[in-house]
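Right, one structure below, let's go through it.
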Amino acid sequence: MEACSSSQVQNPLNPLNLPQIVTIGKTLIVTGNVMEFGEDLLKFCYDRPVDFESLKVNDFDVEELFLNQGWKRYFEVLNGPIFTNLIKEFWMKSRVYDDVSAKMEVDQLVLKDPSLKGKTREEMGLKAYNGTEIRSVIAGLDITITKAHFAKLLNLEDKGEKISDYKSGLHYRKDIKKEVYEDESLIGKSKGLKSNCLVLFKIFISSIVPRSGAIKDGNFKRFTSVAYPRLLSELFFQTKLVKVLRKFYPKLVKVEKALKLDAGFLSRMNIKKKIVKPQNPLEVTINDHLYCDGFLVISEADDEEVIQFFLEKVKETGVDVPRNRVPQAP
1 MEACSSSQVQ NPLNPLNLPQ IVTIGKTLIV TGNVMEFGED LLKFCYDRPV DFESLKVNDF
61 DVEELFLNQG WKRYFEVLNG PIFTNLIKEF WMKSRVYDDV SAKMEVDQLV LKDPSLKGKT
121 REEMGLKAYN GTEIRSVIAG LDITITKAHF AKLLNLEDKG EKISDYKSGL HYRKDIKKEV
181 YEDESLIGKS KGLKSNCLVL FKIFISSIVP RSGAIKDGNF KRFTSVAYPR LLSELFFQTK
241 LVKVLRKFYP KLVKVEKALK LDAGFLSRMN IKKKIVKPQN PLEVTINDHL YCDGFLVISE
301 ADDEEVIQFF LEKVKETGVD VPRNRVPQAP
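Numbering (the working numbering), first residue to last: 1 to 330.
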């Protein structure tokens, strides 16, 4: 997917104009888990926020490399809460609905009623299908998520290239290896990478293509990895699903936060011995909750009761805004 340059990051309290993920007008669905194991065997691959300022003061100014590729909104999204129980509930009841599934659904209906042959999905009474979907049920609500949701969430165009198409392309590979590796005898191993490339690699496996580490514990339990819990949490928040569920299922929207990736890993990976602390480390972006498109959401001009209600609602999202941070009247 490619970056879209015109849109501005919105206030989390004013959800983006995202396509609905809940099917409106349907009765509540009662269903069991699709997965044939307990949710305790789900293991999160945390998409961690990155403290680029911390890396910059330690001689690795790499943020611009990601911003130039359209990753600005993505890294901003990572600095937010994860709705742990909600994510687990979603995946335990999830199914992937793809081209094969769509064809089988149509074929089964035609088999039951041959007069339906040649009719559209809508004429058969089926939901429209425009590409691969993840379908699930949360608290009886019918949930459908597509690639288009994440494109909109991250301010990207819903298009891109398939990386598999370039798998056999060898034209530039030799030159790239020389650029990336300090020791070409260690090609394929991270310890052979040049320092700046090793830092980029660490960001990739921590935040962009997160890895969970071991998939078994000491009792030889096999875990199932859950990728991008923060990204999915943001989608649930922006589409107001979290707001709806908080009223009736508060335990479902319990919050946790992924550990940020800062320059500390430089010493652990023997890239740098002495780590400098930044003057402005990455923190929760409070201003994103106080402003929308440059306009105040709340200010001292509002009644104290309104201000306290606002601060409580923000706190429920995992962000604690101090009372003294409420701006003066405009």
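Every residue, glycine too, gets a C-beta built ideally from N, C-alpha and C.
Small disclaimer: the values here were computed from a predicted structure and weren't measured.
If you reduce the DSSP assignment to three classes, tell me which class threonine 224 lands in.
Residue 224 sits at position 224 when you count from the first residue of the sequence shown. The answer is strand: DSSP assigns threonine 224 an E or B state.
Exposure label - phenylalanine 204; buried when at least 16 CB within 10 Å:
Reading the sequence shown from its first residue, position 204 is the one you call residue 204. Flag for phenylalanine 204 reads exposed.
What is the DSSP secondary structure of tyrosine 172, reduced to helix, strand or coil?
Locating residue 172 in the sequence shown gives position 172, where the first residue counts as 1. It is coil, neither helix nor strand.
For methionine 92, I'd like the list of residues in its chain whose CB is within less than 6 angstroms of its CB, leaving aside the five on either flank, ordered along the chain.
Position 92 of the sequence shown, counted from the start, is the residue given in the question as residue 92. Same-chain partners within the cutoff: Asn33, Met35 and Glu39.
Can you tell me the Cβ-Cβ gap for threonine 239 and leucine 18, rounded? I've got them flagged as a contact below 8 angstroms.
Translated into positions along the sequence shown, residue 239 becomes position 239. Translated into positions along the sequence shown, residue 18 becomes position 18. In this structure, threonine 239 and leucine 18 form a Cβ contact; the two beta carbons are roughly 5 angstroms apart against a cut-off of 8 angstroms.
Would you grab the beta carbon distance between leucine 241 and isoleucine 21 for me? Rounded to a whole angstrom, and I think it's under 8 angstroms.
The count along the sequence shown starts at 1 and reaches residue 241 at position 241. The count along the sequence shown starts at 1 and reaches residue 21 at position 21. Sure, about 7 angstroms apart at Cβ, within 8 angstroms.
Contact belief for isoleucine 87 with valine 276 at Cβ below 8 angstroms, rounded distance in angstroms:
As a first step, residue 87 is located in the sequence shown; it is residue number 87 there, counting from the start. As a first step, residue 276 is located in the sequence shown; it is residue number 276 there, counting from the start. Distance from isoleucine 87 to valine 276 at the Cβ level is roughly 35 angstroms; contact not present, criterion being Cβ atoms closer than 8 angstroms.
Kindly indicate which residue of Ser185, Gln328 and Val314 has the alpha-carbon position closest to the one of glycine 80.
Along the sequence shown, one-based indexing puts residue 80 at 80. Considering only Ser185, Gln328 and Val314, the residue with the shortest C-alpha distance to glycine 80 is Val314.
Of all the options Ser94, Val106 and Tyr129, which has the alpha carbon lying nearest to the alpha carbon of alanine 139?
Numbered from 1 along the sequence shown, position 139 holds the residue referred to as residue 139. Comparing Cα-Cα distances from alanine 139 to each of Ser94, Val106 and Tyr129, the minimum goes to Ser94.
N- and C-terminal bounds of the alpha helix (DSSP H) containing arginine 230:
Translated into positions along the sequence shown, residue 230 becomes position 230. Per DSSP, arginine 230 belongs to the alpha helix (DSSP H) from 229-238.
Counting only runs of 4+ residues fully inside the region 56-107, write out the alpha helix (DSSP H) ranges in chain order.
For the region 56-107, the continuous alpha helix (DSSP H) assignments of 4+ residues that do not extend past its boundaries occur at 63-67, 72-78 and 84-92, in sequence order.
Check arginine 135 in the structure and name its three-state DSSP category.
Your numbering for residue 135 matches position 135 in the sequence shown. Residue state, collapsed to three classes: strand.
I'd like to know whether the C-beta atoms of proline 210 and tyrosine 74 end up nearer to each other than 9 angstroms.
Start at 1 with the first residue of the sequence shown, and residue 210 comes out as number 210. Start at 1 with the first residue of the sequence shown, and residue 74 comes out as number 74. Not closer than 9 angstroms, so no.
Leaving out five residues on either side along the sequence, give the residues of the same chain with a beta carbon under 6 angstroms from the beta carbon of aspartate 302.
For the purposes of this step, residue 302 is taken as residue 302 along the sequence shown, with counting starting at 1. No residues qualify anywhere along the chain.
Under the DSSP definition of a beta bridge, which residues are partnered with leucine 193?
As a position in the sequence shown, residue 193 is number 193, starting the count at 1. Listed as beta-bridge partners of leucine 193 by DSSP are Tyr181.
Take every Cβ of the region 52-70, pair it with every Cβ of the region 254-269, and state whether three or more of those distances are shorter than 8 angstroms.
Taking 8 angstroms as the limit for Cβ pairs, the verdict is that the region 254-269 does touch the region 52-70.
I need the straight-line Cα distance from leucine 156 to glycine 70, nearest angstrom please.
Stepping through the sequence shown from its first residue, residue 156 is reached at position 156. Stepping through the sequence shown from its first residue, residue 70 is reached at position 70. Cα-Cα distance, rounded: 8 angstroms.
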